[in-house]
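Keeping their order, the protein sequence lines are chains A and B.
In case it helps, this note's numbering puts the first sequence at residues 180 to 288.
In case it helps, this note's numbering puts the second sequence at residues 6 to 117.
Even for Gly, the Cβ is constructed at its ideal location relative to N, Cα and C.
Remember, it's a predicted structure, so these values are computed and weren't measured experimentally.
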Amino acid sequence: GNSVTQMEGPVTLSEEAFLTINCTYTATGYPSLFWYVQYPGEGLQLLLKATKADDKGSNKGFEATYRKETTSFHLEKGSVQVSDSAVYFCALSDYKLSFGAGTTVTVRA
Amino acid sequence: NAGVTQTPKFQVLKTGQSMTLQCAQDMNHNSMYWYRQDPGMGLRLIYYSASEGTTDKGEVPNGYNVSRLNKREFSLRLESAAPSQTSVYFCASSDSDTYEQYFGPGTRLTVT
């Protein structure tokens, strides 16, 4: 079956540092890949997505590239802000979403 | 548009009590989902409904029932609550073509 493995946290960074969260997946077929973000006390919001190999999703300075050869979809941001503190979830979908366990990111001023 | 709404936001139950969590979406989506979120385990799918009139089990359906009342509404019922059902519950809906899911704000349930 489909599954997602993402980097365990928590991750603590200083403002303006570079952020990478690793995500690898196992799937049959050609799923779409997503990153969701959950701010404290809120539901999940779609951060970015990619629907086919070599697609790059981007939003709010975050980027992730769908790498079929390494079955990966790593999330990156070049310069984080305190407002990026949240839990980040990698997910894949055929018709149901399979989520990773989530990575808690804390950015300190 | 309100998106996905859930009620209640918080609930405390005693073991053995029953309750229904309500969910509604105004995006005309065919598919709706119920998840639970527990620390360190991500989100796990309880039940989903691919279209009005259909429901299917997800990863962790035991102890729950669902009703797809119409295209907008998808409720989750706990018939006899147990402490193991203490969790945060999220409802979501999606467009069948894109598989992007939109989430409600969640219901924090505590069973004592």
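Expressed to the nearest angstrom, what Euclidean distance is found between the alpha-carbon atoms of B:Tyr38 and B:Phe79?
Roughly 8 Å separates the two Cα atoms.
Rounded to whole angstroms, how far is the Cβ of A:Trp214 from the Cβ of A:Leu227, which I believe are closer than 8 Å?
Sure, about 5 Å apart at Cβ, within 8 Å.
Return the residue from the list B:Thr117, B:Ser89, B:Glu105, B:Gln106 that minimises the CA-CA distance to B:Pro44.
Here the closest residue by C-alpha is B:Ser89.
Alpha carbon to alpha carbon, how far is A:Asn201 from B:Ala55? Give it in angstroms, no decimals.
Roughly 31 Å separates the two Cα atoms.
Looking only at C-alpha atoms, which of B:Glu57, B:Asn67, B:Tyr53 sits nearest to B:Asn75?
Comparing Cα positions, the closest option is B:Glu57.
Could you tell me whether the Cβ atoms of B:Leu18 and B:Leu114 are closer together than 8 Å?
Contact: yes.
Can you list, in chain order, the residues of its chain with a C-beta nearer than 7 Å to that of A:Ala265? Leave out the 5 residues immediately preceding and following it.
Excluding positions up to five away in sequence, the list reads Val216, Gln217, Tyr218, Val284.
Return the first residue and the last residue of the beta strand (DSSP E) that A:Glu255 is part of.
Note, A:Glu255: beta strand (DSSP E), 254-256.
What's the C-alpha gap between B:Tyr52 and B:Gln11?
About 16 Å.
The beta strand (DSSP E) spanning B:Tyr107 covers which residue range?
Start and end: 106-108.
What are the complete beta strand (DSSP E) segments, minimum 3 residues, inside the segment 204-285 of chain A?
Taking only runs of at least 3 residues, the beta strand (DSSP E) segments lying wholly in the segment 204-285 of chain A are 211-217, 223-229, 235-238, 241-244, 254-256, 265-272, 276-278.
Taking its Cβ as the centre, do 16 or more other Cβ atoms sit within 10 Å of A:Tyr209, making it buried, or is it exposed?
The residue in question, A:Tyr209, is exposed, as its Cβ has fewer than 16 Cβ neighbours within 10 Å.
Please identify, using Cβ separations under 9 Å, the residues of the segment 206-238 of chain A that lie next to chain B, in order along the chain.
Residues passing the 9 Å Cβ filter: Pro210, Ser211, Phe213, Tyr215, Gln217, Gly220, Glu221, Gly222, Leu223, Gln224, Leu225, Lys228, Thr230.
Just reading off the beta strand (DSSP E) that B:Leu48 is part of, what are its end residues?
Where B:Leu48 is concerned, the enclosing beta strand (DSSP E) stretches over 48-54.
Where does the unbroken beta strand (DSSP E) through B:Met37 begin, and where does it stop?
That run of the beta strand (DSSP E) goes 36-42.
Closest to B:Arg77 by CA distance: which of B:Asp31, B:Arg41, B:Gln27 is it?
Here the closest residue by C-alpha is B:Asp31.
Determine the DSSP secondary structure at B:Ser99, reduced to helix, strand or coil.
Strand at B:Ser99.
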